[in-house]
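Okay, so the sequence shown: first residue is 1225 according to the numbering used here, each after it adds one. Every residue gets a Cβ at the ideal spot worked out from N, C-alpha and C, and that includes glycine. Remember, predicted model here, so these are calculated numbers, not experimental data.
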Amino acid sequence: MKTFNFFVVLFLVAFVSSCTSIELGEAGLKIYKLGDKKGQTEVLGVGRHANHWFGYYTIKVYPTNIQQWSWTLSSNEGNQVDESIHFQAEGQDLSCDVGIAFTFDTEGNSLAKMYEYFKCEPQEIIDRFLRKDVRNFFNELSANMKVDEVYAQKKEELRAGVLQKMQEKYAPLGIDVQEISYLSLIRLPKEVQDAVNLKITAKQRAEQRENEIAEKEAEAKKKAAEAQGEAERLRIEAEGRAKAIEVEGRALANNPQILRLKEIEMQMKLAESAKSWNTVVMSSGQAGQLLNIGNGK
């Protein structure tokens, strides 16, 4: 009985150790290697799936959640392995740390198509295919750019172009590339970096000078416009006064009584102010006047 239990335990251990576990966030692909189903595939769900001892089939596990990977100058702390992406512009060697985000399409027969093309594990797809194509597309697009454009003006255009090319190539193969990102500045040879920095500084100074000139021109135009506005205001006021005088002159010419009325109003004002005079005489006639004939004190 003890011998029987021993073999039962041994069988269970062997069975469990020969199983492939597919967890949440994963999908499996069973690939038949032998027999009538050779070359066929079958998608497996979450659970434990027994492996065939004689290699009748094999099981590959693919993550279904988003994958993020980075290729940097130092992949691990203290490890100086250079995994960064190298490319060229104007014959100069450039490099930068690059990140990628993607998902494996597990719907329908996408996993089968993916395996048919790559025939390797997910990690090998990242190392052997994705990284190589990211580097190739960086080289392809930067070949027609200047170093300072890659470093500054067209840096984002370069990244977006690589992303588009990766999406176009890998979407039909069951991999959805969602993002390509810079994880560092683009690294240049020191002498090139110095030259680019000088050029950028000179351009910034020129732009600053242009802005200063534009501000002064704008201020001069503002003052000129204000002066023109003031001159226009004075012209309108002068025209208004001239018009008023002209209207008043025509009114007086056509109505002599108005002139006589103004004369009387003036005389009344003089009379009011002459209360302190000794003697006041009102002359006769239409154009009477108030005269001071006092003792002159």
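Straight across, the Cα-Cα distance linking GLU1403 with TRP1295 is about 14 Å. For GLY1385, the closest of ALA1367, ASP1372, LEU1397, ILE1399 by C-alpha to C-alpha distance is ALA1367. Scanning its chain for C-beta atoms nearer than 8 Å, with the 5 sequence neighbours on each side dropped, one finds around VAL1371 the residues ALA1313, GLU1314, GLN1316, LEU1318, LEU1412, VAL1416, VAL1420, in chain order. TYR1281 is bridged by DSSP to TYR1256. The closest CA to that of GLY1263, considering only TYR1341, GLN1291, CYS1320, THR1330, is found on TYR1341.
Between VAL1374 and MET1390, the C-beta spacing is not below 8 Å.
Pairing GLN1377 with PHE1326 gives a Cβ-Cβ distance that is not under 8 Å. Its Cα nearest to that of LYS1393, the residue ASN1360 stands out among ASN1360, GLU1381, ASP1260. Distances from the alpha-carbon of LYS1254 to those of TYR1280, ILE1410, SER1242, ASP1260 put TYR1280 closest. Burial check for GLY1259: the Cβ neighbour count within 10 Å stays below 16, so the residue is exposed. When the beta-carbon positions are compared, GLY1252 and VAL1285 come within less than 8 Å of each other. In its chain, beyond the 5 residues on either side, GLY1323 have a beta carbon closer than 6 Å to the beta carbon of SER1405.
According to DSSP, residue pairing for GLU1439 in a beta bridge does not occur.
Annotated three-state conformation of VAL1471 is helix, per DSSP. If you look at ASP1317, you'll find it isn't in any alpha helix (DSSP H); it sits in the beta strand (DSSP E) that goes 1316-1320. LEU1335 is the residue among LEU1268, GLU1489, LEU1335 whose C-alpha sits nearest the C-alpha of ILE1399.
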